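Working notes for the structure below.
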Amino acid sequence: MPALSSLRADCENCFGLCCVVPAFAASADFAITKPAGQACPNLREDSRCGIHDKLRKKGFTGCTVYDCFGAGQKVSQVTFDGEDWRKSPKTAKTMFAVFPVMRDLQELLYYLTEAASLPTSAPIRDDLAEMIDRTERMTLDTPGVLRKLDVHSHRGAVNGLLLRASELARAAVPGKKKDRRGADLIGAKLKGSNLRGALLRGAYLIGADLRGADLRQADVTGADLRDADIRGADFRDTLFLLQSQLDAAKGDATTKLPDSLSHPAHW
């Protein structure tokens, strides 16, 4: 089972793929518009960001909450064996096509690894281990195979297991649990709410007031926490919480987090 640390970005071993492959538009998250496949003007020749320590001040908040789950270094160093797209332009098109596929697979590996580590996942641990192995083998395929991979279909199979892991973990929480899957909770007043064991998958919590809320054992897969106020909130043992979700929210030193995640510097 891969370590969660190996499923996080290692920019030192990447060719700046997240600064080239995705498109973004001038907005509250990005200061400029950039088409897909074109290098950001802030990307230096050494594949480093020229304004990395000033991204938020310069209007590139979107960059600070992006996570490739280790896809950048895997594509750069494993799939393409360290062959830089700048020095080998012929590889660029294929490399750029493979990167988003790899990112999806690495994200699934992250969730599967967390699910397998849950004590309550014992009844499905073998199934999770098999799916982890299957997904990991996909990431090691050739560029030609990867770019044609049906990730959507594979995600469906993985999602079924993740839902089961979520159900098993949340069932251990006593009492009735809230089901707000995909709910519109933008700006919701949830200060001090008991959300233990709640199903918040895909919920829109943009700008929500979650100060002092208890989200232990809540499933927050894909929940949008942009600008949510999570000061004093308890996220210990929250299911499928990502560092990028925390990076997009507004917390402080009183926000309780799992040991595997950290308080963002900008808090």
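Residue numbering for the sequence shown follows full-length UniProt numbering, starting at 1 and increasing by one per position. Even for Gly, the Cβ is constructed at its ideal location relative to N, Cα and C. Because the structure is a prediction, the values reported are computed rather than measured.
Close Cβ partners of L225 (< 7 Å) along its chain, the five nearest in sequence each way excluded = L205, Q245, A248, A249
request  = With DSSP collapsed to three states, give me the class of L185.
outcome  = coil
query = Taking the C-alpha atoms as reference points, what is the distance between G82 and K93?
reply = 16 Å
request  = Would you kindly check if the distance between the Cβ of Q106 and the Cβ of L199 is under 9 Å?
outcome  = no
inquiry  = With DSSP as the reference, identify every bridge partner of N194, one or two as the case may be.
reply    = D214
request  = Kindly give me the distance between the Cβ atoms of Y111 and F240, rounded to whole angstroms, as I take these residues to be in contact under 8 Å.
outcome  = 6 Å
query = Three-state secondary structure (DSSP) at F240?
reply = coil
request  = Consult DSSP for C14 and reduce its assignment to one of helix, strand or coil.
outcome  = coil
inquiry  = For the stretch 129 to 149 against the stretch 177 to 193, do three or more pairs of beta-carbon atoms, one drawn from each stretch, fall closer than 8 Å, so that the two count as touching?
reply    = no
query = Under the rule that 16 or more other beta-carbon atoms within 10 Å means buried, what is G156, buried or exposed?
reply = exposed
inquiry  = Rounding to the nearest angstrom, what Cα-Cα distance links A265 and I230 in this structure?
reply    = 15 Å
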